[in-house]
Amino acid sequence: MNLILFMALVTLFLSATFVGFYLWAVSSEQFEDLDTPAYRILKDDNKKGKRE
Amino acid sequence: MDKNLRQNFYDDDIVRKFIFATLIWAGVAFAVGLLVALQLAYWPANMNTAWLTFGRLRPLHTNAAIFAFAGNAIFAGIYHSTQRLLRTRLFSDSLSRLHFWGWQVIILCAAVTLPLGFTQGKEYAELEWPIDILITLVWVVFAVNFFGTLYRRREKHMYVAIWFYIATILTVALLHIVNSVAIPFSFLKSYTVWAGMQDALVQWWYGHNAVAFFLTTPFLGLMYYYVPKVVNAPIYSYRLSIIHFWALVFIYIWAGPHHLLYTSLPDWLQTLGVVFSIMLWAPSWGGMINGLLTFKGRWHLVRSEPIWKFFIAALTFYGMATFEGPLLSIKSISSIGHYTDWIIGHVHGGALGWNGFLIFGMLYYLIPKLWSTKLYSNKLVEQHFWLGLVGVVLYYVSMVVAGITQGLMWRATDSAGQLVYPEFIETVVRIIPLYWIRALGGTLYIAGFVIMVYNITKTIKSSANSLSDSVIDNLKNDNVNDNKPRLLEGYATVFSILALVAVLVGTVIEIYPTLNVHKYVNPEITTTPFSALEQEGRDLYVREGCYLCHSQQIRPLVEEKLRYGDPSTIEESIYDHPYQWGSKRTGPDLSRVGKKYPDMWHYQHMLDPRQIQPKSIMPSYDWLAKKNIDYSQIKKKLNVLKNLGVPYTDKQVQDADIDAEAQAKIIEDGLLQQGVKEEIKGKEILAMIAYLQALGQKGSR
Chain A
1 MNLILFMALV
11 TLFLSATFVG
21 FYLWAVSSEQ
31 FEDLDTPAYR
41 ILKDDNKKGK
51 RE
Chain B
1 MDKNLRQNFY
11 DDDIVRKFIF
21 ATLIWAGVAF
31 AVGLLVALQL
41 AYWPANMNTA
51 WLTFGRLRPL
61 HTNAAIFAFA
71 GNAIFAGIYH
81 STQRLLRTRL
91 FSDSLSRLHF
101 WGWQVIILCA
111 AVTLPLGFTQ
121 GKEYAELEWP
131 IDILITLVWV
141 VFAVNFFGTL
151 YRRREKHMYV
161 AIWFYIATIL
171 TVALLHIVNS
181 VAIPFSFLKS
191 YTVWAGMQDA
201 LVQWWYGHNA
211 VAFFLTTPFL
221 GLMYYYVPKV
231 VNAPIYSYRL
241 SIIHFWALVF
251 IYIWAGPHHL
261 LYTSLPDWLQ
271 TLGVVFSIML
281 WAPSWGGMIN
291 GLLTFKGRWH
301 LVRSEPIWKF
311 FIAALTFYGM
321 ATFEGPLLSI
331 KSISSIGHYT
341 DWIIGHVHGG
351 ALGWNGFLIF
361 GMLYYLIPKL
371 WSTKLYSNKL
381 VEQHFWLGLV
391 GVVLYYVSMV
401 VAGITQGLMW
411 RATDSAGQLV
421 YPEFIETVVR
431 IIPLYWIRAL
441 GGTLYIAGFV
451 IMVYNITKTI
461 KSSANSLSDS
471 VIDNLKNDNV
481 NDNKPRLLEG
491 YATVFSILAL
501 VAVLVGTVIE
511 IYPTLNVHKY
521 VNPEITTTPF
531 SALEQEGRDL
541 YVREGCYLCH
551 SQQIRPLVEE
561 KLRYGDPSTI
571 EESIYDHPYQ
581 WGSKRTGPDL
591 SRVGKKYPDM
601 WHYQHMLDPR
611 QIQPKSIMPS
621 YDWLAKKNID
631 YSQIKKKLNV
641 LKNLGVPYTD
651 KQVQDADIDA
661 EAQAKIIEDG
671 LLQQGVKEEI
681 KGKEILAMIA
691 YLQALGQKGS
701 R
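Sequences listed follow chains A and B, in order. Heads up: the first sequence begins at 1 in this note's numbering, then just goes up one per residue. Heads up: the second sequence begins at 1 in this note's numbering, then just goes up one per residue.
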């Protein structure tokens, strides 16, 4: 197949996939909470102890 | 204890093990690096010993730096942070230990086989097939251990660091397996299944993504965990980290062809590589900005927190390297920078500045925690930082200046259209002072490292109590964070599949069309495969690591045509397993060196290059005139190549050893006639001369 045509189709397909994926992500509330994950990692550790 | 609480212990011992390994191998990688740097400044540092020459030690240096120093540091950081991020002990203690000891065995095998000359002749993928299989097995152990931990996690939500670890594990497996596929002909030697242009493409898809998925994504994961921990502040923008991750893993995989600009790689691939390399600038800087801005409002504390300085400098070097990378990918800039020391400066800005400093910062943070003590001296950390920084800057600046100087000298033509510096050696001699400055920079960097080792030793010795594992209390309910909507970042399997798809898109689009390499070959041009003796010589060329200083690819640029002859074609290297296009010209290109000089010239030049060119910095290869050609393997070699599609006839394979001996005899007789006194019957030098004389002579154009 003509390479330019092939690449153009691939590009269109990929772009459409990305836009679709983004719209899905927004509508399914993937971006609802963008604050707690960043804070959560700060309060993990850390006592020292012996295994029983 | 409350019945609803259950105690969990993290496996800190494995982290301590990987930290020790990191420090030991860092010493080895740095020391070998300094030695090869000195060999370029002062050729007698090759010590006239086969296994100590530049061509054999340079792969040892790169492999030790990438897979031993950075590798062990990555594993230490991933195993430490993953347990805490997922709030659970690692999946299996036995797998952790198997991973640790397996990886050290691989490194030891590399440290023995590479100086002995067992190499596949592909940069950063030099290790031969049995070690490649071992790497695959150990990586699978690592993957099972990591994904098992992920499966058993008590924290449902996966933090951004975990995403980068997932992408690393999956992509490195893919890269390693595809690039290393080879057919063995003996216990320690094999030929790659890829050939010529196809091999070049697969190799740089691998090579560039070794940088991307071994030296970038795991380190970004570590950055996303350790920078907020060290600063005790959340990452500047979690939103940005989402964009950063997906854009980076999707775009990075396409960038490989920028290592092959102006070569005989098809144009559409070169263009694709350039476009994606330039796009890569955006997500890379997204990551840098995200890390640096985490320090926002706390900059005044940097003065009194020497460990912070390492992280800030690491991020800054990451920003510089990822700006310079896209810049060097622009074709016109690549035409000056490619094959020169500019590229060496570029990678060391990344390796010493970004990877090295991030590792040092991480170790200074981790070691007091893991040994329940305080750092011995903050002042020594400060000294380490400044020594290291001056070292990297000297290294980087000297190499960029050397690269641009040499690049411009190679291309300089006068008003009559003639080369201003027709003798290659002129362009080498000019930059030797810069090689000394580079070695000085490396020495300073190592001095800083020595201070760190002293500081860490003192710190560990001051830890009085017996070592223990960290403990956390958890609710009996395993899912700490299960009341939130089940976001994508809570589904490990779906997330991993999406990450794999992201790297497969670019991989398939670039590699699939070249699987049928003959589509790109002009059927009217026939290429004759190398004769048995020439092929034997080619294997010696690979063994000695000639490709690390000599390219075999002439670019379609005016000055290259003047200096080396017609541009290289796809057809010429179509039977090359592996391809030997090279990426650096410490010496001149060799693709058309065949028949340019008489056999006697090559004989003298290989034994002592100074006889021909008094200022040459090439090592002497006098052992080639002492060691005998191993005729017993030649049939097997040609047979493997025939099976891989090289058009040898059955008779050629059957008579390979006889043909080789006959051709060696002709070269030997010629040399004896011209006055060679030494006993050279059946010596390796004959095969090497046969190969060099065949370069550029195999295509009918």
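We put the CB at the ideal spot given by N, CA and C, even for glycine. Since this is a predicted model, take the numbers as computed values, not measurements.
Contacting residues, own chain, Cβ-Cβ under 6 Å from B/S573 (five flanking each side not counted): Reading the second sequence from its first residue, position 573 is the one you call residue 573 of chain B. Excluding residues within five positions, the ones whose Cβ falls inside 6 Å are G196, Y579.
Contiguous alpha helix (DSSP H) assignments of at least 4 residues, all confined to the region 181-215 of chain B: 196-214
Interface flag, A/V26 vs chain B, CB-CB below 9 Å: Within the first sequence, residue 26 of chain A is the residue found at index 26, counting from 1. No, because no Cβ of chain B sits closer than 9 Å to the Cβ of A/V26.
Beta-bridge pairing of B/Y575 - partner residues as DSSP gives them: For this step, residue 575 of chain B is matched to residue 575 along the second sequence. Paired residues: none, contrary to the question.
B/N628 burial status per 10 Å Cβ neighbour count (16 or more: buried): Counted from its first residue, the second sequence places residue 628 of chain B at position 628. The residue is exposed, with fewer than 16 neighbouring Cβ atoms inside 10 Å.
Residue nearest to B/S616 in terms of C-alpha spacing, selected from B/V429, B/Y124, B/S284: Start at 1 with the first residue of the second sequence, and residue 616 of chain B comes out as number 616. The shortest Cα separation from B/S616 among B/V429, B/Y124, B/S284 belongs to B/V429.
Nearest-angstrom Cβ-Cβ length linking B/M158 and B/E489, presumed shorter than 8 Å: The sequence position of residue 158 of chain B within the second sequence is 158, counting from 1. The sequence position of residue 489 of chain B within the second sequence is 489, counting from 1. At roughly 5 Å, the Cβ-Cβ gap stays under 8 Å, so B/M158 and B/E489 are in contact.
Three-state secondary structure (DSSP) of B/G682: Numbered from 1 along the second sequence, position 682 holds the residue referred to as residue 682 of chain B. B/G682: coil per DSSP, three-state reduction.
Residues in the region 140-169 of chain B having any Cβ partner in chain A nearer than 7 Å: H157, Y159
Range of the contiguous alpha helix (DSSP H) that encloses B/L352: In the second sequence, counting from the first residue as 1, residue 352 of chain B sits at position 352. It is not in any alpha helix (DSSP H) - B/L352 carries neither H nor E in the DSSP assignment.
Any C-beta of chain B under 9 Å from that of A/L9: As a working note, residue 9 of chain A is residue 9 in the first sequence. So no, A/L9 is outside the interface.
Interface flag, B/K476 vs chain A, CB-CB below 9 Å: The residue given as residue 476 of chain B occupies position 476 in the second sequence. Its pLDDT being 47, under 50, B/K476 is placed unreliably in this model, and the value from its coordinates should be taken loosely. By this cut-off, B/K476 is not an interface position.
B/L174 vs B/L504 beta-carbon contact at 9 Å: In the second sequence, the residue the question calls residue 174 of chain B occupies position 174. In the second sequence, the residue the question calls residue 504 of chain B occupies position 504. Cβ distance < 9 Å, so B/L174 and B/L504 count as in contact.
Coil, strand or helix - B/F91 by DSSP: Residue mapping note: residue 91 of chain B aligns to position 91 of the second sequence, counting from 1. Coil.
Within chain A, partners of B/P218 - CB distance below 7 Å: Residue 218 of chain B sits at position 218 when you count from the first residue of the second sequence. Simply none; closest approach about 17 Å.
Separation of B/W246 from B/Q552, as counted between CA atoms: The sequence position of residue 552 of chain B within the second sequence is 552, counting from 1. The sequence position of residue 246 of chain B within the second sequence is 246, counting from 1. Approximately 37 Å, taken between the alpha carbons.
Cβ neighbour criterion (16 or more within 10 Å) applied to B/D414: Indexing the second sequence from 1 puts residue 414 of chain B at position 414. That one is exposed.
Test item: CB-CB of B/R585 and B/C549 under 9 Å: Position 585 of the second sequence, counting from 1, holds the residue named residue 585 of chain B. Position 549 of the second sequence, counting from 1, holds the residue named residue 549 of chain B. Yes, Cβ-Cβ distance for B/R585 and B/C549 is below 9 Å.
Neighbour list for B/I226 in chain A, Cβ cutoff strictly below 7 Å: Here the question's residue 226 of chain B lines up with position 226 in the second sequence. Per the sequence presented here, residue 226 of chain B reads as Tyr, with Ile not at that position. Correct list: empty, because the minimum Cβ distance to chain A is about 10 Å.
Own chain partners of B/D199 with C-beta closer than 8 Å, once the 5 adjacent residues on each side are dropped: Within the second sequence, the letter at position 199 stands for residue 199 of chain B. The answer, listed in chain order, is K122, T192, D576, H577, P578, Y579.
Option nearest B/I689 by Cα separation, candidates B/Q604, B/K698, B/K642, B/R610: The count along the second sequence starts at 1 and reaches residue 689 of chain B at position 689. Selected option, being the one with the closest Cα: B/Q604.
Cutoff 6 Å; reference B/F170; Cβ partners in own chain excluding five residues on either side: Start at 1 with the first residue of the second sequence, and residue 170 of chain B comes out as number 170. The residue you asked about is not Phe; residue 170 of chain B is Leu in the sequence shown. Cβ within range, chain order: L500.
For B/L220 and B/A70, the rounded distance between their alpha carbons: Mapped onto the second sequence, residue 70 of chain B falls at position 70. Mapped onto the second sequence, residue 220 of chain B falls at position 220. Distance between the alpha carbons of B/A70 and B/L220 is about 13 Å.
DSSP state of A/K43 mapped onto helix, strand, coil: In the first sequence, counting from the first residue as 1, residue 43 of chain A sits at position 43. Helix.
Identified DSSP bridge partners for B/T459: In the second sequence, the residue the question calls residue 459 of chain B occupies position 459. Paired residues: none, contrary to the question.
Per DSSP, the bridge partner or partners of B/Y339: Taking the second sequence and counting its residues from 1, the one referred to as residue 339 of chain B is at position 339. Answer is B/K584, bridged to B/Y339.
Check whether B/S186 and B/Q633 have beta carbons under 9 Å apart: Against the second sequence, residue 186 of chain B aligns to sequence position 186. Against the second sequence, residue 633 of chain B aligns to sequence position 633. Contact flag set, yes.
CB of B/L363 within 9 Å of CB of B/I456, strictly: Reading the second sequence from its first residue, position 363 is the one you call residue 363 of chain B. Reading the second sequence from its first residue, position 456 is the one you call residue 456 of chain B. With contacts defined by Cβ atoms closer than 9 Å, B/L363 and B/I456 form a contacting pair.
Whether B/L280 touches B/I66 by CB criterion (9 Å): For the purposes of this step, residue 280 of chain B is identified with residue 280 of the second sequence, where counting begins at 1. For the purposes of this step, residue 66 of chain B is identified with residue 66 of the second sequence, where counting begins at 1. No, these two residues do not count as a Cβ contact at 9 Å.
Short CB-CB distance (under 9 Å) between B/W268 and chain A: Along the second sequence, read from residue 1 onward, the residue named residue 268 of chain B stands at position 268. Contact of B/W268 with chain A is assigned, a C-beta pair being separated by under 9 Å.
B/M1 versus B/L86: straight-line alpha-carbon distance, rounded: By 1-based counting over the second sequence, the position of residue 1 of chain B is 1. By 1-based counting over the second sequence, the position of residue 86 of chain B is 86. With a pLDDT of 46 at B/M1, under the threshold of 50, the predicted position of this residue should be treated as unreliable, and no value is reported.
Buried versus exposed call for A/A8 [16 or more other C-beta atoms within 10 Å across all chains shown]: For the purposes of this step, residue 8 of chain A is taken as residue 8 along the first sequence, with counting starting at 1. Its Cβ having fewer than 16 others within 10 Å, A/A8 is exposed.
B/W299 to B/N290 span [Cα, whole Å]: Position 299 of the second sequence, counted from the first residue, corresponds to residue 299 of chain B. Position 290 of the second sequence, counted from the first residue, corresponds to residue 290 of chain B. Each residue's Cα considered, the two are about 15 Å apart.
Rounded distance between the beta-carbons of B/A76 and B/V160, thought under 8 Å: For the purposes of this step, residue 160 of chain B is taken as the residue at position 160 of the second sequence. For the purposes of this step, residue 76 of chain B is taken as the residue at position 76 of the second sequence. Going by Cβ atoms, the distance from B/V160 to B/A76 rounds to 19 Å, so no, they are not a contact pair.
Per DSSP, the bridge partner or partners of B/N628: Position 628 of the second sequence holds residue 628 of chain B. Bridge pairing for B/N628: B/K683 [DSSP].
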